[in-house]
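In the numbering used here, the protein residues as written are 39 to 537.
Worksheet for the structure shown next.
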């Protein structure tokens with residue numbers, strides 16, 4: 039920590055000069071992974087992409103779909119063709135105009151790139167037909183109520199086809215947003231500069247954005263208070279009162295659409311060597327050992343609303359009937375006995391930041407009372423994402439920032455071929471139900487199908503949900519025009535720093 043504080047002090051000196059008045063310095067909890075929206079999986083990476091890569095659609099603070107690169111759109115009568123008219127003055131960072139052929143190339147890459155994590159998000163797309171330079175039709179295999187929501191995130195980000203054809207896009211990204219990539223030093227900083235030819239450049243007031251990953255929330259907040267940061271995401275619950283009481287700061291609370299959870303690796307070992315991955319009774323016993331309210335009160339200071347399902351209370355798919363697991367040590371022990379085990383050893387991997395450490399140390403202590411001997415493995419966040427993808431873990435933290443449509447919170451995480459199915463869970467009935475829900479437009483009817491899927495998932499427990507992820511921001515009081523969005527993204531249109 040001392041070295042980080044020293045580095046922070048040096049940063050204060052380095053950025054105090056008036057010449058940087060038009061720059062914005064943003065503190066991130068983690069270092070982003072690969073800078074390729076089709077291959078990336080980190081939340082902080084999405085924050086960077088929000089400024090660097092325009093999408094076909096965006097959302098507003100009410101989670102309503104808004105135009106971005108898609109200026110106009112309409113559905114066919116059978117809801118199997120999405121007709122899109124692009125805005126005509128949009129360009130890539132290399133100066134080339136964005137055309138319908140570029141959109142086609144991006145959507146096809148999202149579907150076919152071997153290591154694309156967007157495949158399940160665009161699985162319903164059958165073909166993309168270019169009508170003219172500014173017009174295209176996206177043809178679906180079946181109606182997909184979630185598609186606009188998916189295209190308002192990484193699946194809908196439009197990258198330069200020349201850049202992803204000619205080289206390693208993740209190292210030298212060429213996108214289409216209001217800020218373009220300049221440089222990156224892993225685990226230190228990531229720098230973007232304003233793209234003067236952006237179609238809405240006049241709405242963006244900063245010449246440069248510097249993203250600084252600082253995993254220790256206390257140090258990150260100290261950097262904000264000292265003036266070396268202008269804005270930070272995920273202020274620690276314990277620092278909120280200090281932020282509220284500091285006249286030089288502003289606090290921006292927001293309830294998120296995502297969750298924090300634990301995923302069990304169902305490919306590891308066998309029922310004898312790793313029972314929690316192969317016996318649902320052991321997983322249920324583990325869940326019953328956890329007091330989510332204690333996590334909320336002790337670590338979250340009331341902000342970590344307990345979660346028992348992937349859908350937040352604001353979602354039409356949420357159902358209170360699934361909030362049934364209260365802590366019950368005796369029942370947990372009975373389930374372990376039924377499974378033929380007394381003590382269960384497991385390792386939890388989690389992102390190496392102070393908040394996660396507090397959460398998992400608390401879980402370690404609670405679960406021990408029921409018969410679980412837990413070792414903890416704090417892991418650099420990008421390395422944790424790689425471990426999840428490669429199934430190189432036993433039990434692991436699995437956070438999700440959430441989507442406007444409920445499909446985005448469940449489908450790719452639990453379907454057999456889901457690109458974020460870190461548990462390697464597979465149940466054909468769940469697949470059928472979730473695919474059916476995608477094809478339905480009536481929220482009430484979709485909810486009935488989600489309920490059926492949840493009944494199965496609540497029984498088999500490939501994932502144990504812990505709490506709904508809040509996205510509290512803190513910033514210098516000089517920041518004007520900033521709005522905190524439920525998806526946790528930092529949108530800088532109209533935002534400025536007063537002198």
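Ideal Cβ placement from N, Cα and C applies to all residues, glycine included.
Check, Outcome
"Whole-angstrom C-beta distance between residue 501 and residue 301, which should lie under 8 Å", "5 Å"
"Cβ neighbour criterion (16 or more within 10 Å) applied to residue 439", "buried"
"Reference residue 428, options 68, 442 and 461, closest by Cα", "461"
"Counterpart residues of residue 518 in DSSP-defined beta bridges", "534"
"Beta-carbon proximity check, residue 207 vs residue 71, cutoff 8 Å", "no"
"Touching by the beta-carbon criterion (3+ pairs, under 8 Å), the segment 414-422 and the segment 155-170", "no"
"When 321, 476 and 458 are compared against residue 78, the one with the closest alpha-carbon", "458"
"Sheet register partners of residue 121 (DSSP bridge)", "112 and 175"
"Residue 391, buried or exposed, once every other Cβ within 10 Å from all chains shown has been counted against 16", "buried"
"Alpha-carbon to alpha-carbon, residue 87 and residue 146", "20 Å"
"Reference residue 148; option with closest CA among 407, 517, 199 and 179", "199"
"Per-residue burial, residue 135 [other beta carbons within 10 Å of its own, 16 or more giving buried]", "exposed"
"Residue from 489, 386 and 495 whose Cα sits closest to the Cα of residue 464", "495"
"Close-in-space but distant-in-sequence residues of the same chain around residue 59 (CB under 8 Å, 5 per side omitted)", "With a pLDDT of 44 at residue 59, under the threshold of 50, the modelled position of that residue is not reliable, and no figure is offered here."
"Cutoff 8 Å; reference residue 515; Cβ partners in own chain excluding five residues on either side", "285, 286, 287 and 288"
"Identified DSSP bridge partners for residue 195", "93"
"Collapsed DSSP secondary structure at residue 408 in the structure displayed", "coil"
"Euclidean distance between Cα positions of residue 455 and residue 158", "7 Å"
"Whole-number beta carbon distance between residue 295 and residue 441, since they are thought to touch under 8 Å", "6 Å"
"Distance between residue 139 and residue 176 (C-alpha atoms, nearest Å)", "12 Å"
"Residue range of the unbroken beta strand (DSSP E) whose run includes residue 310", "No beta strand (DSSP E) contains residue 310, which DSSP labels as neither H nor E."
"Beta-carbon proximity list for residue 253, same chain, < 7 Å, skipping 5 on both sides", "67, 68, 390 and 391"
"Assigned secondary structure, residue 306 (DSSP; H/G/I helix, E/B strand, else coil)", "coil"
"Residue 232 - DSSP class collapsed to helix/strand/coil", "strand"
"Status (buried if at least 16 other CB within 10 Å, exposed otherwise) for residue 623", "A question about residue 623 goes unanswered here, because the residues of the chain that appear run from 39 up to 537."
"Cut-off 8 Å between Cβ atoms - residues of its own chain near residue 505, not counting five sequence neighbours on either side", "297, 298, 330, 333, 334, 338, 342, 343, 344 and 345"
"Burial state of residue 447, where buried means 16 or more other Cβ atoms lie within 10 Å", "buried"
"Assigned exposure category for residue 348 - 16 Cβ within 10 Å defines buried", "buried"
"Selection from 155, 80, 293 and 488 that minimises the alpha carbon distance to residue 523", "293"
"Reference residue 125; option with closest CA among 113, 107, 116 and 131", "107"
"Residue 102 burial status per 10 Å Cβ neighbour count (16 or more: buried)", "exposed"
"Secondary structure of residue 9, DSSP reduced to three states", "Coverage of the chain is limited to positions 39 through 537, which leaves residue 9 absent and any answer about it impossible."
"N-terminal and C-terminal residue of the beta strand (DSSP E) that residue 481 is part of", "Careful: residue 481 lies outside any beta strand (DSSP E), inside the alpha helix (DSSP H) at 481-498."
"Buried or exposed (CB count within 10 angstroms, at least 16 for buried), residue 201", "buried"
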